[in-house]
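Visitor:
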Amino acid sequence: MQAFLTILKYDFGQLSQSWVSRIWIIVMIIPAIFLIFLANYENEFASETMAFYTATVLMPASGLAIAVLSASSINVESGIIADSILSRAITRTEYVCAKILSRMGFILVTYSIVIIPFSYFMLRYGVNDTADSSVFLGWIVIGSIFTAVAAFGILMSVLFANLLPAVLLVLLTVSLSSALMQFLGLELLSISAVIQELPEIFRGETLTSTGIQIIGIFLILTSIFLFPAVFIFGKKDL
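One point on numbering: in my numbering, the residue at position 197 of the sequence shown is 197, and numbering is uninterrupted.
Printed below as a string of structure tokens:
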């Protein structure tokens, strides 16, 4: 357990100092501030503005950042991993679980740090056409999507020794699968379709059960990606 906590704390600290993380935060914050001022002076609807921010800023910036942070979770430290495991300083399961927890925890904490104040000021200074519970549901939906993308990135990090192919595969798979699911009419499985539905979710026009169903789907996908990642890493030659 001590080794697990050490890896968890170390990796979280490394992520907080990463240039990818810093750029990600800056890219999310600056447009958010601009939209808050715009909503105040132009009397923009909060639901539409938050959905616009999600589609044009949050998802593109976060998608790229999450792909890089998750797809680099295992493969960039292959030499360190091998030495630590061979010396029995830490088990494979402890290592990969610490990495999963730190990467997903950091992603969700960073996301929350930006979204919570953004929502508060948007509802205060924009035209509030939302319900607090519906806004909360909408952001939880987006958070569940982020966890699924991060889990897939971690799986790619286990499968690929190099960072670039892993990142590209994450981005390509997410984009193509989202478009394919929407084309097939499986909107609940399509990230793009869910984003298009966000104004209605924020306004409470979408059934709560539908939002919970979306969250459940992406959490199940998260589990589907993580279990093979742990299993494959446990059998993989280092």
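Heads up, the beta-carbon is just placed ideally off N, CA and C, and yes, glycines get one too.
In this text the structure is predicted, and so the values were computed from the model without any measurement.
Would you kindly report the start and end of the unbroken alpha helix (DSSP H) that includes N128?
Guide: For the purposes of this step, residue 128 is taken as the residue at position 128 of the sequence shown. Looking at the DSSP string, N128 is not in any alpha helix (DSSP H), and its letter there is neither H nor E.
Visitor: Taking the continuous alpha helix (DSSP H) assigned at V167, which residues delimit it?
Guide: Stepping through the sequence shown from its first residue, residue 167 is reached at position 167. Unbroken alpha helix (DSSP H) run through V167: L163 to F183.
Visitor: Would I33 and Y125 qualify as a contact pair, given that the criterion is a beta-carbon distance under 7 Å?
Guide: Walking along the sequence shown from the start, residue 33 turns up at place 33. Walking along the sequence shown from the start, residue 125 turns up at place 125. It is not a contact, given that the beta carbons lie outside the stated cut-off.
Visitor: Go ahead and label M1 buried or exposed: buried means 16 or more other beta carbons lie within 10 angstroms of its beta carbon, across all protein chains shown.
Guide: Along the sequence shown, one-based indexing puts residue 1 at 1. It is exposed - the Cβ of M1 has fewer than 16 other Cβ atoms within 10 Å.
Visitor: Roughly how many angstroms separate the alpha carbons of M104 and I30, rounded to a whole number?
Guide: Within the sequence shown, residue 104 is the residue found at index 104, counting from 1. Within the sequence shown, residue 30 is the residue found at index 30, counting from 1. Computed Cα separation, rounded: 24 Å.
Visitor: Is S178 near I191, with beta carbons less than 7 Å apart?
Guide: For this step, residue 178 is matched to residue 178 along the sequence shown. For this step, residue 191 is matched to residue 191 along the sequence shown. Going by C-beta atoms, S178 is nearer than 7 Å to I191.
Visitor: In the structure shown, what three-state DSSP assignment does F146 receive?
Guide: Numbered from 1 along the sequence shown, position 146 holds the residue referred to as residue 146. The answer is helix: DSSP assigns F146 an H, G or I state.
Visitor: What does DSSP give as the partner residue(s) for F45 in the beta ladder?
Guide: Position 45 of the sequence shown, counted from the first residue, corresponds to residue 45. According to DSSP, F45 bridges with V127.
Visitor: Does DSSP put T56 in a helix, a strand or coil?
Guide: By 1-based counting over the sequence shown, the position of residue 56 is 56. In this structure, T56 counts as helix in the three-state DSSP scheme.
Visitor: Taking the alpha carbon of Y53 as the point to measure from, which residue in S73, I154, W139 and T91 has its own alpha carbon closest?
Guide: One-based indexing of the sequence shown puts residue 53 at position 53. Measuring from the Cα of Y53, the nearest candidate turns out to be W139.
Visitor: Select from T173, A166 and G216 the residue whose C-alpha is nearest the C-alpha of G143.
Guide: In the sequence shown, the residue the question calls residue 143 occupies position 143. Of T173, A166 and G216, the residue nearest in Cα terms is G216.
Visitor: If you draw a straight line from the C-alpha of I100 to the C-alpha of S47, how long is it?
Guide: Translated into positions along the sequence shown, residue 100 becomes position 100. Translated into positions along the sequence shown, residue 47 becomes position 47. Going from the Cα of I100 to the Cα of S47 covers about 33 Å.
Visitor: Which residue marks the beginning of the alpha helix (DSSP H) containing G234, and which one marks its end?
Guide: Counting from one through the sequence shown, the residue named residue 234 turns up at place 234. Per DSSP, G234 belongs to the alpha helix (DSSP H) from T208 to K235.
Visitor: First and last residue of the alpha helix (DSSP H) that includes E200?
Guide: Along the sequence shown, one-based indexing puts residue 200 at 200. Segment L198 to R203, the alpha helix (DSSP H) holding E200.
Visitor: Quick one: give me the first and last residue of the alpha helix (DSSP H) that T6 is part of.
Guide: Here residue 6 refers to the residue found at position 6 when the sequence shown is read from its first residue. Run containing T6: Q2 to S16, per the alpha helix (DSSP H) assignment.
Visitor: Are the Cβ atoms of A71 and A166 separated by less than 7 Å?
Guide: Translated into the one-based positions of the sequence shown, residue 71 becomes position 71. Translated into the one-based positions of the sequence shown, residue 166 becomes position 166. Going by C-beta atoms, A71 is nearer than 7 Å to A166.
Visitor: Got a sec? Which residues, its chain only, sit under 7 Å from L8 by beta carbon, not counting five neighbours each side?
Guide: The residue given as residue 8 occupies position 8 in the sequence shown. Cβ neighbours of L8 beyond the five flanking positions: A98, L101 and S102.
Visitor: Within 10 Å of its beta-carbon, does G185 have 16 or more other beta-carbons around it, so buried, or fewer, so exposed?
Guide: Here the question's residue 185 lines up with position 185 in the sequence shown. Counting Cβ neighbours within 10 Å, G185 comes out exposed, since fewer than 16 surround it.
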